[in-house]
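Visitor: Quick note, the sequences are listed as chains Z and E, same order.
Counting from 1, position 461 in the first sequence corresponds to residue 461 in the working numbering; the numbering is continuous, with no gaps.
Take the position in the second sequence, starting the count at 1, then add 512; the result is the number in the working numbering.
Quick one: the structure is below, and I'll ask about it shortly.
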Amino acid sequence: MAAGPVEVGSFNFMDQLPALQVALPMFAATLAAVVRKGNIAWLIALMTSLSMPIIAVLLLHQTFEQGVISYEMGGWEPPIGIEYRVDTANAYVLVIISIIAAIVMPYAKRVVEADIPAEHQSYYYTMYLMCLCGLLGITITGDAFNAFVFLEISSLSTYAMIAMGRDRRALMAAYQYLIMGTVGATLYVIGVGLLYAMTGTLNFNDLSGRIADLGPQRPVLAALAFITVGLSLKIALFPLHKWLPNSYAYAPSMATVFLAATATKVAIYLLVRVYFTIYGPADIVASHDVDTLVLILSLAAMFVASFVACFQLNVERMLAFSSVAQIGYITLGISFASQTGLTGGLVHLVNHAFMKGALFMATGALMLRAGSVKLDDLAGIARKMPITMAAFVLAGLSLIGVPGTVGFVSKWYLASASFEAGQGWLAFAIMLSSLIAVIYIGRVVEVVYFREPSPAVERITKEVPVSMLLPMWLMVVACFYFGINADLTANTAASAADVFLSAIGNASTGGE
Amino acid sequence: MLGFETILAVTIAIPFIGAFAIAACGRIPNLREAVTLTTALLLFFSVFNVYDYFQGGLSPTAGPFEVLPGLDIAFAVEPLGMMFAIIASGLWIINSIYSIGYMRGNNEPRQTTFYVCFAISIFGVMGIAFAANLFTFFLFYEILSLATYPLVTHKQNQDAKIGGRIYIGILLGTSMFLMLPAIIWTASLAGTLDFAEGGILAGKASPEVLTVLTVLFMFGVGKAALMPIHFWLPAAMVAPTPVSALLHAVAVVKAGVFAVVKILVYVFGIDLLNETGAADWLLYAAGFTVIAASLVALRQDNLKKRLAYSTVSQLSYVILAAAILTPISIAGAALHIAAHAISKITLFFAAGSIYTAAHKTEISQLGGIGRRMPWTMTAFAIGAFSMIGVPPTAGFLGKWFMLSAAMTIEQWFAVGVIVLSTLLNTAYFLPIVYKAFMGKEEEHHDDGHHEDHGEAPLPIVMALTATAAGAVLLFLFPNLFFDLASQLAGL
Chain Z
1 MAAGPVEVGS FNFMDQLPAL QVALPMFAAT LAAVVRKGNI AWLIALMTSL SMPIIAVLLL
61 HQTFEQGVIS YEMGGWEPPI GIEYRVDTAN AYVLVIISII AAIVMPYAKR VVEADIPAEH
121 QSYYYTMYLM CLCGLLGITI TGDAFNAFVF LEISSLSTYA MIAMGRDRRA LMAAYQYLIM
181 GTVGATLYVI GVGLLYAMTG TLNFNDLSGR IADLGPQRPV LAALAFITVG LSLKIALFPL
241 HKWLPNSYAY APSMATVFLA ATATKVAIYL LVRVYFTIYG PADIVASHDV DTLVLILSLA
301 AMFVASFVAC FQLNVERMLA FSSVAQIGYI TLGISFASQT GLTGGLVHLV NHAFMKGALF
361 MATGALMLRA GSVKLDDLAG IARKMPITMA AFVLAGLSLI GVPGTVGFVS KWYLASASFE
421 AGQGWLAFAI MLSSLIAVIY IGRVVEVVYF REPSPAVERI TKEVPVSMLL PMWLMVVACF
481 YFGINADLTA NTAASAADVF LSAIGNASTG GE
Chain E
513 MLGFETILAV TIAIPFIGAF AIAACGRIPN LREAVTLTTA LLLFFSVFNV YDYFQGGLSP
573 TAGPFEVLPG LDIAFAVEPL GMMFAIIASG LWIINSIYSI GYMRGNNEPR QTTFYVCFAI
633 SIFGVMGIAF AANLFTFFLF YEILSLATYP LVTHKQNQDA KIGGRIYIGI LLGTSMFLML
693 PAIIWTASLA GTLDFAEGGI LAGKASPEVL TVLTVLFMFG VGKAALMPIH FWLPAAMVAP
753 TPVSALLHAV AVVKAGVFAV VKILVYVFGI DLLNETGAAD WLLYAAGFTV IAASLVALRQ
813 DNLKKRLAYS TVSQLSYVIL AAAILTPISI AGAALHIAAH AISKITLFFA AGSIYTAAHK
873 TEISQLGGIG RRMPWTMTAF AIGAFSMIGV PPTAGFLGKW FMLSAAMTIE QWFAVGVIVL
933 STLLNTAYFL PIVYKAFMGK EEEHHDDGHH EDHGEAPLPI VMALTATAAG AVLLFLFPNL
993 FFDLASQLAG L
């Protein structure tokens, strides 16, 4: 452990939080694989997931109290060793991921029992825990190559989780994602390699200063291009989103909920880290119009993916396309590179996690009872499952961005940023694309409420159990609570935006 | 009497809590209706409490509750909102009585949902009436749109589905695509969203920007049904008649014109608009809507559709009056909001009464119906006279103010519009009255079993008699609304 005079018995738990955040799920994953029993594996996963937010919130609190936390993994000082570097920005993302994990796990039990054969359940939870470990690792690390390692840990376990889906189409979806995801990770690591060749370091903070000294040399720009495309694949930024709809639609319900709420968010975080912390001081992103590119792709995502969502026959696929569109909002906020815009993008990370989490939990419940999430098979189901459908509608309103919901808060920031930047027309574009959500959510509402129940729906006798309804409604309540009282989310996102923006055009802070 | 500090928050909360209580009593219809009526009475009582404080010189407030830094939910009382709240809460009581008769008389399904959504709609109305800033207003404006959607689509058939699409599409579309950017733009220009006397935009924007903002706001307030975004209102007529009566003749559409007046007076400020001419176009847009909607109304055979187009036309009266931009015309606009509310709800009550008793929906079927349903058709006649503006009915008041305001500043376009549309009003209302009392009954019916009908159920007749009497009483004793209107206009 860290060098220095350590008094006997004064091992400080609080100092080890960064390591525990990642090590705990990794250890739990091996444990889950060993026990072989589905129920016990679930219990392990549940306990781990419940402990994650505690650690993350403590970390966030520490960053507010004492600023950046630097943790030397294995006692090796950076830049030689791997540094875990927690500031308000990544602590914020850690909190999002771990809270979602904690809400998803109680929900998971019933859907996993339905989706996964008993003998595979413990492996499934193992994969989930590895995925969680990977996502948290990407977020917490301060080292570009270590981020790649965690990226692969989370991706590989994700492929496995998707492949365990209900039918054979899941295999194809997982395969598709495997190819795309591997290409993305490879491009990212090539970019990191170029940076290492140019600077001789992998530490984010070191990179930051040295790139500012190097200036816009060609390998530095090439690295930016490789990393942008590589991470865009993981983000599913339009038009590199092809893997996402099938993966979400055919993965086991619980995997869909978890991945939709967390996985792409982490890749977005990493991209923001690269753009602002690494490339920010040299001011390369804006001067080479990368921000304009991101803006255009974001707009394309917001409109094309929303439009495509209107024509999906499968509700989960529809929501998946909606996710691609919503990712567009987040990246749009990033492209502004202003306090308001970045806050809007970052607050939408958590807001979108809540609403998509609630929506996919609802479709998971429909899947459990109706055995299908094809729109035609869900005719009149609101009469049989009123609580689930009410949750769906309310979360849908949040997706549309009705005032009083989290979606509105995000839109408010993004549109305000548009006017601040003198780009008022963007505000109209944001509103117009969010209105497309009225169409695809309205379509579901018409079918499930107004149509006569189909025979299959008629056979449904009861709602899903409380263990599923409670997490679902917790997400819905969050959608409204943080829509009416957004101080917590918005202020944290604003602090996170400050962290990123403080690096821009400010070369002297690099490499302390 | 509730305390000064809490009264406004309580008032707004009453219909919201009522909605849950109604839902909880869903299995026992009599109890459920009792809860609806109790909630309506409590609300009216509470609104009058607020009025007492307000006239006593105390201005109750609630909030602010911070949503984001710089974005608050806050409530306050001002004359126009006070008036709107009194009208809506008062008519909710009568409408609830009417609803009981109508929903039971027609054996409507899903009555619990109906009453719950109704209460939430009134919650939206109260929030709109007492909103202290544009954000709060917008929040409740959207609550009202969404809560009325299940009411419009109540029948859940193909017509209801199509009507619902147009309804929610236009209302959400205009408010989100036009009004919300305008609100955010206003926030970035003015640095505040609070409604303030004299407006918040003076000196903050060029006349061109102000003109664009007025266009965004006036068409963004889709509920005011300015042409060409009016067609959600006829589409909403697929709803059960109590919904058309209270929501689409009073609450929703009045929320629209209320917003128009409020935004012109408290966001832009009359002086600023007079100086810059940013709202000059509005006079012509409103004038056009008044005449065009009346012409369309003439051609409707469906009674509710004709009433709907009449509403579109009458709403633009209010906008026209506000756009004249003088204190007297603003007072006229406010009075016309009250007068139109009580008269148009009477007309819709009558239409629903005819549907319940005789299952007739078309004007051409109404020959001689006045002899079978004298109460209903007398009330209808009073409502119609009030719409035309004949004394001694409420409609006369608003028109008188509007005309005198227009003449004072020699705004002959407005004078012409008001005179011409009065003629058109006469042309599309009087024939119905004449036909009902003097016309011959149809010899043969498609379905024979409704021939020997009499009046509608008692609650319906009680309700429409009360509102018809109200239309006359408002002419005779206009003091309450007159005072509020003068306060608004600063007379």
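From the three backbone atoms N, C-alpha and C, an ideal C-beta is built for every residue, glycine too.
Specify, as a first and last residue, the run of the beta strand (DSSP E) that Z:Asp-15 falls within.
Guide: Your numbering for residue 15 of chain Z matches position 15 in the first sequence. That residue, Z:Asp-15, is in no beta strand (DSSP E); it is neither H nor E in DSSP.
Visitor: So, is the C-beta of Z:Pro-386 closer than 8 angstroms to a C-beta in chain E?
Guide: If you number the first sequence from 1, residue 386 of chain Z lands on position 386. Chain E contact via Cβ: absent.
Visitor: Could you name the residues of the same chain whose beta carbon sits closer than 7 angstroms to that of E:Cys-537, not counting the 5 residues immediately before and after it, in chain order?
Guide: For the purposes of this step, residue 537 of chain E is identified with residue 25 of the second sequence, where counting begins at 1. So the list reads Leu-543, Arg-544 and Val-547, once near-sequence residues are dropped.
Visitor: Apart from the five residues on each side of it in sequence, which residues of its chain come closer than 8 angstroms, Cβ to Cβ, to E:Leu-692?
Guide: Position 180 of the second sequence holds residue 692 of chain E. Excluding sequence neighbours, E:Leu-692 sits near Phe-650 and Gly-732.
Visitor: Can the beta-carbon of Z:Ala-415 be found closer than 8 angstroms to that of Z:Ser-338?
Guide: Along the first sequence, one-based indexing puts residue 415 of chain Z at 415. Along the first sequence, one-based indexing puts residue 338 of chain Z at 338. Going by C-beta atoms, Z:Ala-415 is not nearer than 8 angstroms to Z:Ser-338.
Visitor: Please state if the CB of E:Ile-881 and the CB of E:Ile-866 are separated by a distance shorter than 8 angstroms.
Guide: Counting from one through the second sequence, the residue named residue 866 of chain E turns up at place 354. Counting from one through the second sequence, the residue named residue 881 of chain E turns up at place 369. For E:Ile-866 and E:Ile-881, yes; Cβs fall inside 8 angstroms.
Visitor: Which residues mark the beginning and the end of the beta strand (DSSP E) in which E:Thr-573 is found?
Guide: For the purposes of this step, residue 573 of chain E is taken as residue 61 along the second sequence, with counting starting at 1. Note, E:Thr-573: beta strand (DSSP E), 573-580.
Visitor: Can you list the residues of chain B that Z:Met-431 reaches, using a CB-CB cut of under 8 angstroms?
Guide: In the structure shown, chain B cannot be found, because the protein chains are Z and E.
Visitor: Would DSSP call Z:Lys-384 helix, strand or coil?
Guide: Locating residue 384 of chain Z in the first sequence gives position 384, where the first residue counts as 1. Three-state DSSP puts Z:Lys-384 in coil, outside helix and strand.
Visitor: Return no unless some Cβ of chain Z is closer than 8 angstroms to the Cβ of E:Val-902.
Guide: One-based indexing of the second sequence puts residue 902 of chain E at position 390. Not closer than 8 angstroms to any Cβ of chain Z, the Cβ of E:Val-902 fails to qualify, so no.
Visitor: Name the residues in the region 468-488 of chain Z whose C-beta lies less than 9 angstroms from a C-beta of chain E; which are they?
Guide: Residues Gly-483, Ile-484, Asn-485, Ala-486 and Asp-487.
Visitor: When you check each C-beta in the region 724-758 of chain E against every C-beta of chain Z, which residues fall closer than 7 angstroms?
Guide: Residues passing the 7 angstroms Cβ filter: none.
Visitor: Could you list the residues in the region 411-424 of chain Z with a C-beta less than 9 angstroms from some C-beta on chain E, going in chain order?
Guide: Under the 9 angstroms Cβ criterion, the region 411-424 of chain Z contributes Lys-411, Trp-412, Tyr-413, Ala-415, Ser-416, Ser-418, Phe-419, Glu-420 and Gly-424.
Visitor: If you run the structure through DSSP and keep just helix, strand and coil, what is Z:Ala-251?
Guide: Taking the first sequence and counting its residues from 1, the one referred to as residue 251 of chain Z is at position 251. Z:Ala-251 falls in the coil class under three-state DSSP.
Visitor: Z:Gly-4: buried (16+ other C-beta within 10 angstroms of its C-beta) or exposed?
Guide: Numbered from its first residue, the first sequence carries residue 4 of chain Z at position 4. A caution first: Z:Gly-4 carries a pLDDT of 45, below 50, which makes its placement in the model unreliable, though a value can still be read off. That one is exposed.
Visitor: Spell out whether any CB of chain E is found under 8 angstroms from the CB atom of Z:Val-447.
Guide: Numbered from its first residue, the first sequence carries residue 447 of chain Z at position 447. Answer no: the Cβ-Cβ gap between Z:Val-447 and chain E never drops below 8 angstroms.
Visitor: Using a Cβ-Cβ distance under 8 angstroms, would Z:Val-438 count as near chain E?
Guide: Sequence index remark: in the first sequence, residue 438 of chain Z carries index 438 (1-based). By this cut-off, Z:Val-438 is an interface position.
Visitor: Which residue comes first and which comes last in the alpha helix (DSSP H) that contains E:Pro-725?
Guide: Locating residue 725 of chain E in the second sequence gives position 213, where the first residue counts as 1. With the sequence shown as reference, residue 725 of chain E is identified as Leu, and Pro is not the correct amino acid for it. Looking at the DSSP string, the run of the alpha helix (DSSP H) that includes E:Leu-725 is 719-732.
Visitor: Whose Cβ in chain Z lies nearer than 7 angstroms to the Cβ of E:Phe-650?
Guide: Taking the second sequence and counting its residues from 1, one reaches residue 650 of chain E at position 138. Those are Pro-403, listed as they occur along chain Z.
Visitor: In terms of alpha-carbon separation, which member of Z:Pro-453, Z:Gln-326, Z:Tyr-449 and Z:Glu-119 lies closest to Z:Phe-408?
Guide: Here residue 408 of chain Z is taken as the residue at index 408 of the first sequence, counted from 1. With distances taken between Cα atoms, Z:Phe-408 lies closest to Z:Gln-326.
Visitor: Mapping DSSP to helix, strand and coil, what is Z:Asp-376?
Guide: The residue labelled residue 376 of chain Z in the question sits at position 376 within the first sequence. Reduced to three states, the DSSP call for Z:Asp-376 is helix.
Visitor: What does Z:Ser-70 pair with, by DSSP beta-bridge criteria?
Guide: Start at 1 with the first residue of the first sequence, and residue 70 of chain Z comes out as number 70. Answer is Z:Arg-85, bridged to Z:Ser-70.
Visitor: Answer yes or no: do E:Ala-997 and E:Ala-846 have a C-beta to C-beta separation smaller than 8 angstroms?
Guide: Indexing the second sequence from 1 puts residue 997 of chain E at position 485. Indexing the second sequence from 1 puts residue 846 of chain E at position 334. Yes. Within cutoff.
Visitor: Please list the residues of the region 59-86 of chain Z that have a C-beta atom closer than 9 angstroms to any C-beta atom in chain E, keeping them in chain order.
Guide: Listed by position along the chain: nothing, the set is empty.
Visitor: Please work out which residues of its chain come closer than 7 angstroms, Cβ to Cβ, to E:Leu-758, disregarding the five sequence neighbours upstream and downstream, and give them in chain order.
Guide: Counting from one through the second sequence, the residue named residue 758 of chain E turns up at place 246. Leu-603, Trp-604, Asn-607 and Ile-857, listed in sequence order.
Visitor: Can the beta-carbon of Z:Arg-317 be found closer than 8 angstroms to that of Z:Pro-245?
Guide: Working through the first sequence from its first residue, we reach residue 317 of chain Z at position 317. Working through the first sequence from its first residue, we reach residue 245 of chain Z at position 245. Their beta carbons are under 8 angstroms apart, which means Z:Arg-317 touches Z:Pro-245 by this criterion.
Visitor: What is the C-beta distance between E:Met-594 and E:Phe-566, in whole angstroms, given that I count them as a contact (C-beta under 8 angstroms)?
Guide: Taking the first residue of the second sequence as position 1, residue 594 of chain E is located at position 82. Taking the first residue of the second sequence as position 1, residue 566 of chain E is located at position 54. Indeed they touch by this definition, with Cβ atoms about 6 angstroms apart.
Visitor: Going straight from the alpha carbon of Z:Gly-424 to that of Z:Met-431, what length do you get?
Guide: Within the first sequence, numbered from 1, the residue matching residue 424 of chain Z stands at position 424. Within the first sequence, numbered from 1, the residue matching residue 431 of chain Z stands at position 431. The alpha-carbon atoms of Z:Gly-424 and Z:Met-431 are separated by roughly 11 angstroms.
Visitor: Round the Cβ separation of Z:Ala-494 and Z:Thr-343 to the nearest angstrom and send it over; I've been treating them as touching at under 8 angstroms.
Guide: Start at 1 with the first residue of the first sequence, and residue 494 of chain Z comes out as number 494. Start at 1 with the first residue of the first sequence, and residue 343 of chain Z comes out as number 343. Indeed they touch by this definition, with Cβ atoms about 5 angstroms apart.
Visitor: What distance in whole Å lies between the Cβ atoms of E:Gly-639 and E:Ile-655, which are believed to be in contact at a cut-off of 8 angstroms?
Guide: Here residue 655 of chain E corresponds to residue number 143 of the second sequence, with the count starting at 1. Here residue 639 of chain E corresponds to residue number 127 of the second sequence, with the count starting at 1. Contact holds; Cβ gap of about 7 angstroms.
Visitor: Taking 8 angstroms as the threshold (beta carbon to beta carbon), is E:Gln-668 in contact with chain Z?
Guide: Counting from one through the second sequence, the residue named residue 668 of chain E turns up at place 156. Answer yes: the Cβ-Cβ gap between E:Gln-668 and chain Z drops below 8 angstroms somewhere.
Visitor: Just verifying my parser: in three-state terms, what is the DSSP assignment at Z:Ile-80?
Guide: Looking up residue 80 of chain Z in the first sequence gives position 80. If DSSP states are grouped into helix, strand and coil, Z:Ile-80 belongs with coil.
Visitor: Among the residues of its own chain, which have a CB less than 7 angstroms from the CB of Z:Lys-37, if the five just before and after it don't count?
Guide: The sequence position of residue 37 of chain Z within the first sequence is 37, counting from 1. Excluding sequence neighbours, Z:Lys-37 sits near Ser-122.
Visitor: Give me the Cβ distance between Z:Ala-395 and Z:Met-475, rounded to the nearest whole Å; I'm assuming they're in contact under 8 angstroms.
Guide: The residue labelled residue 395 of chain Z in the question sits at position 395 within the first sequence. The residue labelled residue 475 of chain Z in the question sits at position 475 within the first sequence. The pair is a contact, with the Cβ atoms about 7 angstroms apart (cut-off 8 angstroms).
Visitor: Quick check on E:Val-1007: buried or exposed, where buried means 16 or more other Cβ atoms within 10 Å of its Cβ?
Guide: This structure gives no information on residue 1007 of chain E, because the portion of chain E shown stretches from 513 to 1003.
Visitor: Taking only three categories from DSSP, how would you classify E:Phe-587?
Guide: Within the second sequence, numbered from 1, the residue matching residue 587 of chain E stands at position 75. Strand.
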